[in-house]
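Participant:
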Amino acid sequence: MNPESRIKLLRSLEEIRIFEQNNPNPKTRLVYHWIGLIFTWIVLASVIMSYDIKEKALFLVIATIPN
């Protein structure tokens, strides 16, 4: 690992640590996670729905797969 990427990794880990210190409540982190997940699915769904029927059918199949 070269020094530049190591410094970037350490900086990002430090930012995560500072964020977790400022938000120690795990429920808060879970809420942020779910908000991000829902937002991602909304964006993904809007992109897929802008295509034709075949892609819409594929999206419906993917959306019904259980986790």
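The end of the sequence shown is residue 67 by this note's numbering, with every number in the run present. Just so you know, even glycine gets a beta-carbon here, dropped at the ideal spot from N, CA and C.
Taking the alpha helix (DSSP H) that N22 belongs to, which residues open and close that run?
Facilitator: P3 to N22
Participant: In whole angstroms, what separates the C-alpha of I48 from that of W34?
Facilitator: 21 Å
Participant: Which same chain residues, not among the five before or five after I78, have their C-beta less than 6 Å away from its C-beta?
Facilitator: It is not possible to answer for residue 78, since the shown part of the chain is limited to 1 through 67.
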